[in-house]
Amino acid sequence: MRGRMWKLAIYLFLLGFILNLLGIVTHVVVSSFAKRWFGKPLPPAFTTDWFTYAWREFELSHVLFITLFIALAVVFIALAIGFPAAYVLARRNFNAKPILLLLYFLPLLIPQMTYGIPLATTLYGFGVGGTVLGVILAVLVPMVPLAVFILLPFFEQISLNLEWSAQMLGASRLQIFRRILLPLMLPGILTAGLLVLVNTISNFELAFLLAGGGSQTLVVALYYNVFAGGVRPVYSIDAMAVIYMCTVLSVLLVALRFVRPTQMVFRLDGKRN
Amino acid sequence: MARIRSDSRSELDLVAILCLVPSLLYVLAMFVYPFLYGIYISLQPKKRDAGMFSNYVAFFNDAYQYNTIKTTFMLALPTTIAVVLVALFLAYGMRRGIWFERTITTILVLPISLGVVFLSEGILGFYGHNGWLNQLLIAAGLIENPLELTHNSIGVTFSLFMQNFPFCFLMLLGYISGIDPSLESSARMLGAGPWTIFRRVMFPLIAPGLIIAFALVFVMSFAVFPSAVMVGQPAGSTRTISIAAYQQAFEQYDMSYASAIAVIMGLCQLAALVVIVLVRRRMTIATTMGVGKR
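So the protein lines, in turn, are chains A and B. Everything in the first sequence is counted per the UniProt record's numbering, starting at 1 for the first residue and increasing by one. Everything in the second sequence is counted per the UniProt record's numbering, starting at 1 for the first residue and increasing by one.
Next comes the structure, spelled out in structure tokens:
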């Protein structure tokens with residue numbers, strides 16, 4: 001009896017959560033198609049004009065291009081410098097390793113707003129603040145550790161014996177990397193790449209602190225337009241928000257096809273204990 | 001594995017060092033250096049003749065500024081407790097699987113893809129003065145005047161809940177479903193009821209993961225910025241410490257003062273984390289005692 005009540009409570013909560021989420025999402029979607037909407041349950045007339053308006057007025061093609069460029073650059077650099085570091089951290093043992101792990105863990109643990117402000121000060125001081133380069137450099141700070149911590153357990157799953165046998169058969173380091181590690185690490189690289197991609201697109205604080213006129217990512221541009229107060233019709237902002245959601249959702253759905261989030265978090269946790 | 005085989009001998013050779021250097025340099029240059037630089041410039045106030053700590057003194061002498069600490073704690077703490085409790089309840093209930101598990105997990109993760117602006121717009125629309133919820137409640141005759149759920153701390157708490165809940169839930173679900181089911185079965189065989197199983201067997205095992213989740217959610221909630229501006233009342237009841245820091249940096253262009261506020265914010269988070277770690281230690285002692293008694 002008690003067990004059944006328990007299950008019922010869980011389903012009721014889920015129902016509430018889904019209804020609430022549905023309400024929030026539907027409201028924005030309906031509003032983005034509304035001609036005008038005030039105080040009524042539904043808008044009297046619908047239009048798709050706000051999408052064309054948002055696309056033109058907010059220069060969305062440019063913003064989307066910048067967002068994609070920044071995200072891909074961050075993914076590439078994070079993987080390029082995170083991959084070798086994760087390999088060494090998974091395979092070798094040395095005295096400074098706990099300190100190093102802590103150092104990599106800190107940017108993930110400390111909120112971005114806290115180190116974002118001194119980081120922005122520094123980068124503006126070097127003249128890269130407000131540029132695309134500045135945004136990439138700043139967003140990479142938490143993404144490099146993220147890539148390292150995602151790749152780490154994947155390396156640990158690959159038996160060291162494979163590397164030893166390859167070495168015994170006369171393979172060079174480069175051959176071991178290209179023929180053994182790279183193919184076996186493909187799922188890990190994919191996982192890390194997709195999660196870094198999703199996180200970069202949705203990163204707000206760091207991109208916001210470093211973005212200038214031409215280097216705004218989609219989230220940041222969206223945020224600024226909310227405050228362009230009075231000038232921007234709320235429907236056009238909602239249209240832009242819908243475009244944002246569709247972009248991230250498609251990336252996230254691709255990610256979920258390859259990655260089981262629960263499994264991965266657990267592996268990360270198991271590692272730390 | 002390499003780690004087991006080797007004694008504490010260092011295994012760093014040239015190649016390994018070369019592998020580590022790029023990322024290490026990056027973290028040092030872009031994280032550690034700005035951090036230290038931030039502390040340094042916070043001690044170099046804009047007014048040259050003022051003392052080294054004048055920014056900090058100014059902060060703690062100005063109620064408008066130091067009250068942001070209280071505001072932030074009052075937002076972050078209840079949100080964190082709610083997120084962790086609900087996530088624990090749900091993850092514990094789902095530990096042995098549930099109907100449509102994959103679909104439900106996907107739905108619970110969805111808010112991540114909405115982004116903070118979408119979420120804020122939706123909350124403003126749905127829960128706002130003229131929103132669907134109020135219209136529905138009025139139409140049903142449950143209330144006469146619309147509830148004020150947005151542009152105050154309720155709205156921000158709500159927005160934070162939606163943002164942080166998915167992460168916390170995923171962490172706890174992974175953690176709890178990793179616990180060996182035979183422990184629970186043996187407890188049941190020995191005659192323990194569901195509540196005893198939770199309290200004596202499962203909770204001590206979940207506690208470490210719970211503490212980590214609590215710390216992460218708290219730290220994320222403490223830094224709340226965009227939702228406090230959009231759903232809240234950034235000049236009044238939800239003026240959090242990150243808004244204060246942002247205003248100093250990009251509205252007053254006083255990077256020194258802004259860095260001082262960022263340092264204070266970091267210290268507050270650190271203090272909270274220390275408390276959490278201390279609580280954890282107490283809890284661990286309690287559980288080992290419990291095991292020892294049996």
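A virtual CB, placed ideally from N, CA and C, is assigned to each residue, including glycine.
Check: Local conformation of residue 245(B) per DSSP, three classes; Outcome: helix
Check: Residue 130(A) vs residue 210(A) beta-carbon contact at 8 Å; Outcome: yes
Check: Option nearest residue 311(B) by Cα separation, candidates 270(B), 237(B) and 217(B); Outcome: Since the first residue shown for chain B is 1 and the last is 294, residue 311(B) is missing from the structure and cannot be characterised.
Check: Interface flag, residue 150(B) vs chain A, CB-CB below 8 Å; Outcome: no
Check: Where residue 46(A) sits in the DSSP three-state scheme; Outcome: strand
Check: Contact with chain B by residue 115(A), beta-carbon distance below 8 Å; Outcome: yes
Check: is_contact[residue 235(A), chain B] using C-beta, thresh 8 Å; Outcome: no
Check: When 249(A), 88(A), 138(A) and 212(A) are compared against residue 149(A), the one with the closest alpha-carbon; Outcome: 88(A)
Check: Residue 122(B) versus residue 25(A): straight-line alpha-carbon distance, rounded; Outcome: 6 Å
Check: First through last residue of the alpha helix (DSSP H) which encompasses residue 253(B); Outcome: Residue 253(B) -> no alpha helix (DSSP H), and no H or E assigned at all.
Check: Residue from 167(B), 197(B), 170(B) and 169(B) with nearest C-alpha to residue 181(B); Outcome: 197(B)
Check: Continuous alpha helix (DSSP H) assignments of at least 4 residues falling wholly in the segment 25-111 of chain B; Outcome: 33-42, 54-61, 63-93 and 101-109
Check: Pair within 8 Å by beta-carbon distance, residue 276(B) and residue 222(B); Outcome: no
Check: The alpha helix (DSSP H) enclosing residue 221(B), as first and last residue numbers; Outcome: 203-222
Check: Test: residue 266(B) CB closer than 8 Å to a CB of chain A; Outcome: yes
Check: Option nearest residue 224(B) by Cα separation, candidates 47(B), 156(B) and 249(B); Outcome: 156(B)
Check: Beta carbon of residue 261(B) nearer than 8 Å to that of residue 245(B); Outcome: yes
Check: Where residue 272(B) falls: helix, strand or coil (DSSP); Outcome: helix
Check: Interface positions of the segment 103-114 of chain B facing chain A (Cβ-Cβ less than 8 Å), listed along the chain; Outcome: 104, 105, 106, 107, 108, 109, 110, 111, 112, 113 and 114
Check: Cα-Cα separation between residue 7(B) and residue 93(A), rounded to whole angstroms; Outcome: Caution applies to residue 7(B), whose pLDDT of 48 falls short of 50 and renders its modelled position unreliable; the value that the coordinates give is listed next. Rounded to the nearest angstrom, the two C-alpha atoms are 9 Å apart.
Check: Through-space distance from residue 200(A) to residue 265(A), alpha-carbon basis; Outcome: Residue placement at residue 265(A) is flagged as unreliable, the pLDDT there being 43, under the threshold of 50; a coordinate-derived value is accordingly withheld.
Check: 8 Å contact criterion, which residue 281(A) and residue 27(B) should meet: CB distance rounded; Outcome: Residue 281(A) falls outside the range modelled here, since chain A spans only 1 to 273, and no answer is possible.
Check: Same chain, Cβ closer than 6 Å to residue 46(B), neighbours up to 5 away in sequence not counted; Outcome: 254 and 256
Check: Closest Cα partner of residue 238(A) within the set 52(A), 72(A) and 4(A); Outcome: 52(A)
Check: Straight-line Cα distance separating residue 114(B) from residue 32(A); Outcome: 15 Å
Check: Test: residue 220(B) CB closer than 8 Å to a CB of chain D; Outcome: In the structure shown, chain D does not exist; the protein chains are A and B.
Check: 8 Å Cβ cutoff, residue 257(A) in contact with chain B; Outcome: no
Check: Status (buried if at least 16 other CB within 10 Å, exposed otherwise) for residue 272(A); Outcome: Summary for residue 272(A): the model assigns pLDDT 39, below 50, so the residue's position carries little reliability; its value from the coordinates is reported in the next sentence. Residue 272(A) comes out exposed.
Check: Sufficient close CB pairs (3 or more, under 8 Å) joining the segment 53-64 of chain A to the segment 139-159 of chain B; Outcome: no
Check: Reduced DSSP category for residue 270(A) - H, G, I as helix; E, B as strand; rest coil; Outcome: With a pLDDT of 41 at residue 270(A), under the threshold of 50, the modelled position of this residue cannot be trusted, and the question is left open.
Check: Residue 123(B): contacting residues in chain A (beta-carbon distance under 7 Å); Outcome: 24
Check: Listed by chain order, chain B residues near residue 118(A) by CB distance under 7 Å; Outcome: 34, 35, 37, 38, 259 and 262
Check: Touching by the beta-carbon criterion (3+ pairs, under 8 Å), the segment 137-148 of chain A and the segment 79-88 of chain A; Outcome: yes
Check: Where residue 81(A) meets chain B, residues with beta-carbon distance less than 7 Å; Outcome: 22, 23 and 26
Check: Alpha helix (DSSP H) runs contained entirely in the segment 118-174 of chain A, provided each spans 4 or more residues; Outcome: 132-157 and 160-168
Check: Classification of residue 291(B) by the beta-carbon crowding that lies within 10 angstroms, buried from 16 upward; Outcome: Below a pLDDT of 50, predicted positions are generally treated as unreliable, and residue 291(B), at 41, falls in that range; the measurement from the model is reported next regardless. That one is exposed.
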